[in-house]
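The block underneath contains the structure these notes are about, expressed in structure tokens.
There are 2 protein chains.
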Amino acid sequence: MAPSSKKHRQQLTRSGSRQDRLTAYLREAGLRPTRQRMALAALLFDQGDRHVTAESLYSEALESGVKVSLATVYNALHTFTSKGILREISIDSSRSYFDTNVEEHHHFYFEKSGTLEDIDQSQIRLTRLPKTPGGLKISRVDVVIRVDG
Amino acid sequence: MAPSSKKHRQQLTRSGSRQDRLTAYLREAGLRPTRQRMALAALLFDQGDRHVTAESLYSEALESGVKVSLATVYNALHTFTSKGILREISIDSSRSYFDTNVEEHHHFYFEKSGTLEDIDQSQIRLTRLPKTPGGLKISRVDVVIRVDG
DNA sequence: CAAGCAGTTTAGAATTATTCTAATGTTAGG
DNA sequence: CCTAACATTAGAATAATTCTAAACTGCTTG
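Which chain is which? The protein sequence lines are G and R, in order. Under my numbering, think of the first position of the first sequence as 24, with each following residue one higher. Under my numbering, think of the first position of the second sequence as 24, with each following residue one higher.
Following this line, the structure appears as structure tokens:
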């Protein structure tokens with residue numbers, strides 16, 4: 024027997040510190056916590072660091088019974104990125120990844136599987152960066168180590 | 024008055040150390056020096072280090088009166104890359120660049136203009152690379168410094 | 001140097017990834 | 001509750017790239 028929608032909502036709210044945390048997270052980023060965003064945020068942020076593509080997240084969402092369109096997934100990923108709660112990584116012209124780790128860090132790229140793995144910033148020492156042309160400000164430094172496997 | 028085809032060919036051959044060099048270059052790479060490849064190779068390799076996209080090279084070819092199709096440009100770029108005389112760089116999911124500099128080196132990426140500039144390997148000191156997972160072999164390390172200009 | 005085959009080129013169709021559009025739905029504030 | 005601002009959606013549109021199958025050409029052989 025299915026719980027009444029009221030009871031169900033209450034359960035969600037009660038067991039909801041997770042929901043509440045996500046809501047707060049989106050709000051802090053200046054985003055309205057809509058159903059779709061909440062569902063996607065749950066998939067993204069409830070399981071440690073992740074690297075997703077629009078398609079992979081879309082599939083996951085469908086599998087877990089969340090009703091969203093692919094356009095919404097693209098929207099959410101870009102919006103999240105512009106608000107700083109995701110980071111976009113482009114390895115291959117055919118694929119753009121979104122990384123839930125927004126700290127300064129780097130990546131291993133596994134050529135065969137096409138997957139990424141984070142490398143903590145402390146694991147790589149970049150000394151002697153060259154002067155930027157015209158003294159332009161560096162907005163980001165990405166190191167990608169491609170490995171054959 | 025147009026030169027006879029024989030004379031023309033002779034001229035090309037005579038003034039042709041450039042042509043000959045390109046022919047040799049393609050041959051060494053294991054490629055047949057066809058008209059289209061020669062024309063594209065001339066555009067690519069006769070003017071120092073370059074960063075082109077398929078579209079940009081295609082435009083150049085058309086402007087300089089070379090008859091090639093876009094498909095051929097893609098073909099040539101990928102073939103050249105697989106033979107090691109070009110190097111592919113993906114900065115942005117929407118654009119793939121081909122770099123005539125195939126030495127180990129790195130890049131500045133100018134976010135506003137969407138252009139690249141080489142950074143000699145000696146200009147960056149990468150110390151303490153992390154161990155690769157499973158001891159996998161590193162096939163390449165790319166450092167991209169994005170600058171805001 | 002003619003013949004033929006493997007490797008190339010081509011136009012256009014097909015595919016893939018992503019963005020746009022405009023209509024509809026939802027959230028949050030008063 | 002009402003409403004304005006913001007989000008979502010399906011489907012069309014766009015952009016970059018790849019595929020296909022037919023025509024062509026460089027190169028080796030006879």
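Each residue gets a CB set at the ideal place from its N, CA and C atoms; glycine is no exception. These numbers were taken from a predicted model, which means no experiment stands behind them.
Taking the alpha helix (DSSP H) that residue i falls in, what are its first and last residues?
i: Ser79(G); result: Ala77 to Glu86
i: Ser40(R); result: Ser40 to Glu51
i: Val96(G); result: Leu93 to Ser105
For residue i and residue j, what's the separation of their Cα atoms in angstroms?
i: Phe131(R); j: Ser40(G); result: 44 Å
i: Asn98(G); j: Glu86(R); result: 38 Å
i: Pro156(R); j: Val89(R); result: 47 Å
i: Val91(G); j: Glu51(R); result: 53 Å
i: Asn124(R); j: Leu66(G); result: 41 Å
i: Pro56(G); j: Thr46(G); result: 6 Å
i: Ala84(G); j: Ser116(R); result: 23 Å
i: Ser162(G); j: Asp43(R); result: 44 Å
i: Gln70(G); j: Ser79(G); result: 15 Å
i: Gln144(R); j: Lys154(G); result: 14 Å
i: Thr102(G); j: Phe133(G); result: 27 Å
i: Gly172(G); j: Arg73(R); result: 30 Å
i: Met61(R); j: Ile108(R); result: 13 Å
i: Glu126(R); j: Glu126(G); result: 30 Å
i: Thr150(R); j: Leu149(G); result: 6 Å
Does any residue of chain R have a CB that is nearer than 8 Å to the CB of residue i?
i: Thr138(G); result: no
i: Val75(G); result: no
i: Gly157(G); result: yes
i: Glu127(G); result: no
i: Ser92(G); result: no
i: Thr150(G); result: yes
i: Ser119(G); result: yes
i: Ser116(G); result: yes
i: Ser113(G); result: yes
Just reading off the beta strand (DSSP E) that residue i is part of, what are its end residues?
i: Leu66(G); result: Not the beta strand (DSSP E): Leu66(G) falls in the alpha helix (DSSP H), residues Arg58 to Phe68.
i: Asp122(R); result: Arg118 to Asp122
i: Val166(R); result: Ile161 to Val170
i: Ser136(R); result: Unbroken run through Ser136(R): none, as it is neither H nor E.
i: Thr150(R); result: Arg148 to Thr150
i: Glu111(R); result: Arg110 to Asp115
Is the separation between the beta-carbon of residue i and that of residue j shorter than 8 Å?
i: Leu139(G); j: Phe121(G); result: no
i: Glu104(R); j: Gln59(R); result: Looking at the sequence shown, residue 104(R) is not Glu but Thr. Their beta carbons are not under 8 Å apart, which means Thr104(R) does not touch Gln59(R) by this criterion.
i: Leu152(G); j: Ile147(R); result: yes
i: Val170(R); j: Leu159(G); result: yes
i: Lys106(G); j: Gly53(G); result: yes
i: Asp165(R); j: Val167(G); result: yes
i: Leu93(G); j: Ala77(G); result: yes
i: Phe9(G); j: Tyr48(G); result: A query on residue 9(G) cannot be resolved here, the shown segment of chain G reaching from 24 to 172 and no further.
Taking only beta-carbon positions, decide if residue i is within less than 8 Å of chain G.
i: Ile108(R); result: no
i: Val170(R); result: yes
i: Gln146(R); result: yes
i: Val164(R); result: yes
i: Asp141(R); result: no
i: Pro56(R); result: no
i: Val96(R); result: no
i: Phe131(R); result: yes
i: Glu134(R); result: yes
i: Ser79(R); result: no
i: Ser16(R); result: The displayed coordinates of chain R run from 24 to 172. Any statement about residue 16(R) would go beyond what the structure contains.
i: Ser40(R); result: no
i: Val167(R); result: yes
Assuming residue i and residue j make a contact with CB atoms under 8 Å, what is their CB distance in whole Å?
i: His128(R); j: Ile142(R); result: 6 Å
i: Gly137(G); j: Arg110(G); result: Actually they do not touch by this definition, with Cβ atoms about 18 Å apart.
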